[in-house]
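Heads up: the structure comes next, in C-alpha cells.
Residue numbers (the working numbering): -16 to 241.
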C-alpha cells in the first residue's frame, strides 16, 4: 500500500465492516450510534460494523450513515477514509454547545465557518486556510429546515480538542471575545479535511447544551431530554436534504482547481 488511496481502500472496510461499493453516493456522518439505529429502523436496512470502530447503514436510495465516534481525530479519519468511496456529498449531524444568549436547546445551527481550535486540521492545511462548508450543500439543508417549519441560526463554530473545559473561566472569556455561536469537537476538522480531500461537506448542528453557565452544562439527564425531543427531527432534516440533493442531480462543485 504505497498511496493514501491504497490505504483508505483497505482501511474503510476494516474500520466500518462495510465494503466500499456498499456505501451510497451521499453520506450522513455522526457521533452517535442511536442515529444509525434510527436510520436503519426507518429504512429497514442492516447495521454493519457492530464491534468495529464505526457503524454504518445504507438505504435503498443510495444514502448511507456512519457513526465515526467523537473528536477531531476520528472526524479526520472518516473524512480521509471516504476518499476510497469518493462520495458526492457528506453532511455531519452533530451536537454543539450554544455560546450566545440567542441560542437555545433544540436550535439548529448551520455553520458559515468554523474556527480551527482543534489542532488536527493543521496536519492537513496551513492555519491561515479557513474551515468552510460547501455552500450549495448547505442550501439544500436550509430548504429542508424551512420546509419543516423550523428556524435555524447561522454563525461561526469554534472547534476544540478539549472535552472538559466548562470550569475554565479564562477559556470562556476567550470564547465570548471571539463571538462564536457554538462549540464542538469536529466541525472545523470535517470542513478542512473535506477540503483537502476534495469532498463536498456540510454540517447541521443541534444545540444540546448551554455550557457558558453552570446550570447549562450537559448532564446525562439533560442529554436524554434533548435526544428525546429533537434528535428525530435532526436526523429527518439530514435525510431529506441529502436525498433531495441526490435525486435532483445538481452538482455541488462548480470549479475545479488544478
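Beta carbons are placed, not taken as given, at the ideal position from N, Cα and C, and that holds for glycine.
Three-state secondary structure (DSSP) at residue 23? For the purposes of this step, residue 23 is taken as residue 40 along the chain shown, with counting starting at 1. Three-state DSSP puts residue 23 in a helix.
What distance in whole Å lies between the Cβ atoms of residue 70 and residue 265, which are believed to be in contact at a cut-off of 8 angstroms? This structure cannot speak to residue 265, because the chain is shown only from -16 to 241.
Give me the Cα-Cα distance between residue 44 and residue 9, rounded to the nearest whole angstrom. As a first step, residue 44 must be located in the chain shown, where it is residue number 61. As a first step, residue 9 must be located in the chain shown, where it is residue number 26. Distance between the alpha carbons of residue 44 and residue 9 is about 10 angstroms.
Could you tell me the alpha carbon to alpha carbon distance between residue 61 and residue 128, rounded to whole angstroms? As a working note, residue 61 is residue 78 in the chain shown. As a working note, residue 128 is residue 145 in the chain shown. Straight-line Cα distance between these residues: approximately 26 angstroms.
What separation, rounded to the nearest whole angstrom, lies between the Cα atoms of residue 0 and residue 63? Your numbering for residue 0 matches position 17 in the chain shown. Your numbering for residue 63 matches position 80 in the chain shown. Going from the Cα of residue 0 to the Cα of residue 63 covers about 16 angstroms.
Verify whether the separation of the beta carbon atoms of residue 55 and residue 172 is less than 8 angstroms. Residue numbering aside, residue 55 sits at position 72 when the chain shown is read from its first letter. Residue numbering aside, residue 172 sits at position 189 when the chain shown is read from its first letter. Result yes, Cβ atoms of residue 55 and residue 172 sit closer than 8 angstroms.
Using a Cβ-Cβ cutoff of less than 6 angstroms, which residues in the same chain neighbour residue 230 once the five nearest sequence positions on both sides are dropped? Here residue 230 refers to the residue found at position 247 of the chain shown. Closer than 6 angstroms at the Cβ level, and outside the excluded window around residue 230, lies no residue.
Ignore the nearest five residues each way along the sequence and tell me which others in residue 78's own chain have a CB closer than 6 angstroms to its CB. Numbered from its first residue, the chain shown carries residue 78 at position 95. Once the five neighbours on either side are set aside, the close Cβ partners of residue 78 are 189 and 191.
Between the beta-carbon of residue 113 and the beta-carbon of residue 186, is there less than 8 angstroms? Indexing the chain shown from 1 puts residue 113 at position 130. Indexing the chain shown from 1 puts residue 186 at position 203. Cβ atoms of residue 113 and residue 186: not closer than 8 angstroms.
Determine whether the beta carbon atoms of residue 67 and residue 179 lie at a separation below 8 angstroms. Counting from one through the chain shown, the residue named residue 67 turns up at place 84. Counting from one through the chain shown, the residue named residue 179 turns up at place 196. Not in contact: residue 67 and residue 179 (Cβ atoms no closer than 8 angstroms).
Would you list the one or two residues that DSSP bridges to residue 2? The sequence position of residue 2 within the chain shown is 19, counting from 1. Paired residues: none, contrary to the question.
Environment of residue 215 [buried if 16+ CB atoms lie within 10 Å]: Within the chain shown, the letter at position 232 stands for residue 215. Label assigned to residue 215: exposed.
Measure the C-alpha to C-alpha separation of residue 31 and residue 40 and round it to an integer number of angstroms. The residue labelled residue 31 in the question sits at position 48 within the chain shown. The residue labelled residue 40 in the question sits at position 57 within the chain shown. The alpha-carbon atoms of residue 31 and residue 40 are separated by roughly 6 angstroms.
Nearest by alpha-carbon distance to residue 97: which of 117, 140, 196 and 135 is it? Residue mapping note: residue 97 aligns to position 114 of the chain shown, counting from 1. Taking only the C-alpha atoms, the option nearest residue 97 is 140.
Do you know whose CA, among 33, 205, 217 and 174, lies nearest residue 118's CA? Stepping through the chain shown from its first residue, residue 118 is reached at position 135. For residue 118, the nearest C-alpha among the options comes from 174.
Looking at residue 50: is its Cβ nearer than 8 angstroms to the Cβ of residue 37? On the chain shown, position 67 is the one that residue 50 refers to. On the chain shown, position 54 is the one that residue 37 refers to. Cβ distance < 8 angstroms, so residue 50 and residue 37 count as in contact.
Taking only the alpha-carbon atoms, compute the straight-line gap between residue 228 and residue -11 and give it to the nearest angstrom. By one-based count along the chain shown, residue 228 stands at place 245. By one-based count along the chain shown, residue -11 stands at place 6. Roughly 29 angstroms between the two C-alpha positions.
Span of the alpha helix (DSSP H) holding residue 91? Residue 91 sits at position 108 when you count from the first residue of the chain shown. Careful: residue 91 lies outside any alpha helix (DSSP H), inside the beta strand (DSSP E) at 91 to 100.
So what does DSSP say about residue 50, is it helix, strand or coil? The sequence position of residue 50 within the chain shown is 67, counting from 1. It is a strand residue.
Sheet register partners of residue 79 (DSSP bridge): Taking the first residue of the chain shown as 1, we reach residue 79 at position 96. BP columns for residue 79 point to 190.
May I have a chain-ordered list of the beta strand (DSSP E) segments no shorter than 3 residues that lie completely inside the segment 143 to 221? 165 to 167 and 184 to 192
As assigned by DSSP and simplified to three states, the class of residue 107: In the chain shown, counting from the first residue as 1, residue 107 sits at position 124. Of the three classes helix, strand and coil, the one that applies to residue 107 here is coil, per DSSP.
Tell whether a beta-carbon distance below 8 angstroms holds between residue 73 and residue 82. In the chain shown, counting from the first residue as 1, residue 73 sits at position 90. In the chain shown, counting from the first residue as 1, residue 82 sits at position 99. Going by C-beta atoms, residue 73 is not nearer than 8 angstroms to residue 82.
Report, in whole angstroms, the separation of the C-beta atoms of residue 166 and residue 158, which I expect to be a contact under 8 angstroms. Counting from 1 along the chain shown, the entry for residue 166 is found at position 183. Counting from 1 along the chain shown, the entry for residue 158 is found at position 175. The pair is a contact, with the Cβ atoms about 7 angstroms apart (cut-off 8 angstroms).
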